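A.B. asks: Anchor point for the sequence shown: position 105 equals 116 in my numbering, and the numbering is continuous, going up by one each time.
Provided herewith is a single structure, encoded as structure tokens, for subsequent inquiry.
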Amino acid sequence: MIVTKEINVDVSKKNLFRTIVAKQNDCNSRFLKVFLCNDGSKIKIPSDTTVVVNIKRADNEAKAFSGTVNADGSVTVPITNWALVYDGIIKCSISVLGTGDQKLTSSSFFIEVESIEYG
Numbered sequence: 012m013i014v015t016k017e018i019n020v021d022v023s024k025k026n027l028f029r030t031i032v033a034k035q036n037d038c039n040s041r042f043l044k045v046f047l048c049n050d051g052s053k054i055k056i057p058s059d060t061t062v063v064v065n066i067k068r069a070d071n072e073a074k075a076f077s078g079t080v081n082a083d084g085s086v087t088v089p090i091t092n093w094a095l096v097y098d099g100i101i102k103c104s105i106s107v108l109g110t111g112d113q114k115l116t117s118s119s120f121f122i123e124v125e126s127i128e129y130g
């Protein structure tokens with residue numbers, strides 16, 4: 012089973028939407044479909060760019076994971092098992108890497124990793 016949460020993430024102002032909730036130790040089942048915005052206006056991401064989700068866990072370890080650009084200009088990125096190992100708040104952003112040295116990174120947003128009851 013795959014769960015995809017759709018969100019708008021801004022590149023030029025704070026993202027103040029409700030914290031996203033995910034369950035600890037979920038694996039290969041949670042994704043974000045992200046529409047990047049510039050001050051609230053959606054930005055269409057070109058299909059030839061590379062996108063990553065940057066994640067910093069509660070233990071201060073950080074990694075980036077590849078995503079995909081969708082036909083509608085949004086991006087889909089995974090909430091990986093690595094991100095969901097510990098309960099607590101993880102800090103995330105989306106980076107778009109264009110040709111040459113172009114890079115655009117969103118403002119931060121947060122995912123609350125809820126602890127598991129069993130297993």
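The beta carbon of each residue, even a glycine, is placed where N, CA and C say it ideally should be.
Just so we're clear, the structure is a prediction, and the values are computed from it rather than from any experiment.
1) Please state whether DSSP places A73 in a helix, a strand or coil.
2) For a quick check, are the C-beta atoms of I101 and I54 less than 8 Å apart?
3) What's the C-alpha gap between E123 and A69?
4) Where does the unbroken beta strand (DSSP E) through S57 begin, and where does it stop?
5) Taking the straight line between their C-alpha atoms, what separation do you get for M12 and V88?
6) Taking the straight line between their C-alpha atoms, what separation do you get for K114 and A73?
C.D. replies: Straight from the coordinates:
1) The answer is strand: DSSP assigns A73 an E or B state.
2) Not in contact: I101 and I54 (Cβ atoms no closer than 8 Å).
3) Their Cα atoms are separated by approximately 10 Å.
4) What sits at residue 57 in the sequence shown is Pro, not Ser. It is not in any beta strand (DSSP E) - P57 carries neither H nor E in the DSSP assignment.
5) Straight-line measurement puts the Cα of V88 at about 16 Å from the Cα of M12.
6) Going by C-alpha positions, K114 is about 18 Å away from A73.
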